[in-house]
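Remarks on the structure that follows.
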Amino acid sequence: MASVTTTWSMSSLKSSLPSISRSNSSIRCSFRPPNATRFRPNSKPVFGSFLGLSPLNPLLNLTSGNNGNEHNFTTIDNGGRVSAMRHGRRVPKLNRPPDQRKALLRGLTTQLLKHGRIKTTRARASAVRKYVDKMITLAKEGSLHKRRQALGFIYEKQIVHALFAEVPERYEAIMNLMKSLGASAVVNVTTASSATDLCQSTQSIPFLSLPQHLPKLTTANISRRTTTFVKATVADVKFSDPVEQNKRYHFLVANAKFMLDEEEHFQEQLFERVRLFKERNMEQDFWLVIEPKFLDQFPDITKRLKRPAVALVSTNGTWIKFMKLRLDRVLPESFEAESLEEALASNPAKLEFENPNKWTAPYPKYESGWWESFLP
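So this is what it looks like as structure tokens:
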């Protein structure tokens, strides 16, 4: 038997297998991982209107089990800012959150009570006005509870104590007059500089209307009572023994260059004080004294001073305390003198200050010699 040798190849194997014809109606099945079914658009779609919670693909069946992508809800992000609608402006916001707004108002109130004048915007000035009025109202009442309320709002405690000491002196006379005379009587108020002129000079001050249940006060009745009281007072003064008492003067002293040339805030305070006295027809009770002679009574102060020295002298001790808080780098003290000439006596001195090479302030520097109007 003869052996037949054949060579095995892929072509021979393929030819031996039966052929299967491919039909167009066959079903193709393919499987993908679950994460491949998520709808990932290449770019963000642009919608003409707000779609709310509608799905991105409207043909997607939400009831199918293959919904691990949270239904493909879209998030609208157009760069806008979402904020609550404001129905009425009851509190000026000042473009700050509540905690920062309260701190800003407390700081403005503290600085205004400390310096007497501040420079700020119109909106902040309008917002801080009621807080300053509230602090003055608390100081007028003057109780311990009101003082603690002011201490809880004003940052500096020394300002609170000085405010409670000065405000009653400013407003007590007006309060007493309103309580005793009602609101609208035309009263003849006696004003004079000496006891002998008390019966001669009078000044009419109009007020608001009187309440209906109070009797109407006439000028004749008040004038007659005032004249009788004043005549009796003048008689008592003439026949009583004169008692001489030394008057107490309070002062602040510092180097002349610091007080008159460097501290420009000091000049503003003095001119504002003069304006207040003119409006109220009050006599000036403060002066500037260059190289005062009364400093010889205070060796502890003179050894700490750089000469020439300037002193602010006044008979109002409360106002001197206020000026001490505002100037800070001054030395306060008080003394007694028999006369005004003795209290304001000074040694001759000439003040000359050099102009700075560079002046960076937005306003021009004050002219030299502005203090001459306050010298005795």
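Residue 108 in full-length UniProt numbering is what sits at position 108 of the sequence shown, and the numbering runs on without skipping anything.
Positions of the beta carbon are idealized from the N, C-alpha and C atoms, including for glycine.
### Task
Look at the alpha carbon of L138 and the alpha carbon of E341, and state the distance between them as a whole number of angstroms.
Within the sequence shown, numbered from 1, the residue matching residue 138 stands at position 138. Within the sequence shown, numbered from 1, the residue matching residue 341 stands at position 341. About 39 Å.
### Query
Measuring CB to CB, does I154 end up less than 8 Å from T120?
Position 154 of the sequence shown, counted from the first residue, corresponds to residue 154. Position 120 of the sequence shown, counted from the first residue, corresponds to residue 120. No, they are not a contact pair.
### Message
Measuring straight from C-alpha to C-alpha, what distance separates V160 and F266?
### Response
Residue numbering aside, residue 160 sits at position 160 when the sequence shown is read from its first letter. Residue numbering aside, residue 266 sits at position 266 when the sequence shown is read from its first letter. Using only the alpha carbons, I get a separation of about 21 Å.
### Query
Does the stretch 309-317 come within contact of the stretch 248-261, defined as at least 3 CB pairs closer than 8 Å?
yes
### Task
Starting from the C-beta of T302, find all residues in its chain whose C-beta is less than 6 Å away, skip the five residues before and the five after it, and write them out in chain order.
Indexing the sequence shown from 1 puts residue 302 at position 302. L295.
### Message
Taking the alpha helix (DSSP H) that R106 belongs to, which residues open and close that run?
### Response
Locating residue 106 in the sequence shown gives position 106, counting from the first residue. Element bounds for R106: 98-115.
### Query
For S373, which option in G152, K306, L270 has the closest C-alpha, if you only look at C-alpha atoms?
One-based indexing of the sequence shown puts residue 373 at position 373. Of G152, K306, L270, the residue nearest in Cα terms is L270.
### Query
In the DSSP assignment, what residue or residues form a beta bridge with R248?
Start at 1 with the first residue of the sequence shown, and residue 248 comes out as number 248. Answer by DSSP bridge pairing, in chain order: E336.
### Query
When we look at the beta-carbon of L17 and count the other beta-carbons within 10 Å, is it buried (16 or more) or exposed?
To locate residue 17, count along the sequence shown from 1; it is residue 17. L17 is exposed by the Cβ-count criterion.
### beta strand (DSSP E) segment containing L312, residue limits
Within the sequence shown, numbered from 1, the residue matching residue 312 stands at position 312. That run of the beta strand (DSSP E) goes 309-314.
### Query
If you draw a straight line from the alpha carbon of P362 to that of H145, how long is it in whole angstroms?
Residue mapping note: residue 362 aligns to position 362 of the sequence shown, counting from 1. Residue mapping note: residue 145 aligns to position 145 of the sequence shown, counting from 1. Between P362 and H145, the C-alpha separation is close to 44 Å.
### Message
In whole angstroms, give me the CA-to-CA distance for F286 and R248.
### Response
The residue given as residue 286 occupies position 286 in the sequence shown. The residue given as residue 248 occupies position 248 in the sequence shown. Looking at the two C-alpha atoms, the distance is approximately 13 Å.
### Alpha-carbon spacing of K130 relative to F298, whole angstroms
The residue you call residue 130 lines up with position 130 of the sequence shown. The residue you call residue 298 lines up with position 298 of the sequence shown. Between K130 and F298, the C-alpha separation is close to 44 Å.
### Query
CB Y366 to CB E283, shorter than 8 Å?
In the sequence shown, the residue the question calls residue 366 occupies position 366. In the sequence shown, the residue the question calls residue 283 occupies position 283. No. Outside cutoff.
#### Entry: Neighbourhood of L288 by C-beta, 7 Å cutoff - its chain only, sequence neighbours within 5 removed
As a first step, residue 288 must be located in the sequence shown, where it is residue number 288. Contacts found: V310, L312, W371, F374, L375.
### Query
Between the beta-carbon of residue 380 and the beta-carbon of L104, is there less than 8 Å?
Missing from the structure shown is residue 380; the chain here goes from 1 to 376 and no further.
### Query
Roughly how many angstroms separate the alpha carbons of A123 and P348, rounded to a whole number?
Counted from its first residue, the sequence shown places residue 123 at position 123. Counted from its first residue, the sequence shown places residue 348 at position 348. About 49 Å.
### Message
On the CB-based measure, 16 or more other CB atoms within 10 Å of its CB, does F353 come out buried or exposed?
### Response
Along the sequence shown, one-based indexing puts residue 353 at 353. Classification of F353: exposed, given that the 10 Å Cβ count is below 16.
### Query
Which whole runs of the alpha helix (DSSP H) in the stretch 247-295 are 4 residues long or more, in chain order?
264-279
### As assigned by DSSP and simplified to three states, the class of S9
Residue numbering aside, residue 9 sits at position 9 when the sequence shown is read from its first letter. DSSP places S9 in coil when its eight states are reduced to three.
### Query
So who's on the other strand from S346, going by DSSP bridges?
Your numbering for residue 346 matches position 346 in the sequence shown. Partner(s): P292.
### Bridge-paired residues (DSSP) for L331
The residue you call residue 331 lines up with position 331 of the sequence shown. L331 pairs with V253.
### Message
For a test of the three-state rule: what should DSSP assign to R304, helix, strand or coil?
### Response
Within the sequence shown, the letter at position 304 stands for residue 304. Of the three classes helix, strand and coil, the one that applies to R304 here is coil, per DSSP.
### Query
For D300, which option in E279, L331, N316 has the closest C-alpha, if you only look at C-alpha atoms?
Numbered from its first residue, the sequence shown carries residue 300 at position 300. Residue L331 is the option with its Cα nearest to D300.
### Query
Taking the alpha carbon of M107 as the point to measure from, which residue in G152, R148, S15 has its own alpha carbon closest?
Translated into the one-based positions of the sequence shown, residue 107 becomes position 107. Here residue 107 turns out to be Gly, not Met, going by the sequence shown. Ranking the options by Cα distance to G107, first place goes to G152.
### Query
Does the separation of the CB atoms of K134 and V167 fall below 8 Å?
Here residue 134 is taken as the residue at index 134 of the sequence shown, counted from 1. Here residue 167 is taken as the residue at index 167 of the sequence shown, counted from 1. No. Outside cutoff.
#### Entry: Buried or exposed by the 16-neighbour rule on C-beta atoms within 10 Å, applied to V128
Numbered from 1 along the sequence shown, position 128 holds the residue referred to as residue 128. When all chains shown are included, V128 counts as buried.
### Query
Who are the near neighbours of E291 in its chain, counting only those whose CB is closer than 7 Å to its CB and skipping five residues on each side?
Taking the first residue of the sequence shown as position 1, residue 291 is located at position 291. Answer for E291: P308, A309, S346, N347, A349, listed in chain order.
### Query
Does DSSP classify W359 as helix, strand or coil?
The residue you call residue 359 lines up with position 359 of the sequence shown. Coil at W359, not helix or strand.
### Task
Using the Cα positions of E156 and M323, report the straight-line distance between them to the nearest angstrom.
Sequence index remark: in the sequence shown, residue 156 carries index 156 (1-based). Sequence index remark: in the sequence shown, residue 323 carries index 323 (1-based). One C-alpha to the other measures close to 15 Å.
### Task
Hey, could you find the ends of the alpha helix (DSSP H) Q149 is sitting in?
Your numbering for residue 149 matches position 149 in the sequence shown. Start and end: 144-153.
### Message
Could you give the first and the last residue of the continuous alpha helix (DSSP H) run that contains Y131?
### Response
Within the sequence shown, the letter at position 131 stands for residue 131. Looking at the DSSP string, the run of the alpha helix (DSSP H) that includes Y131 is 122-141.
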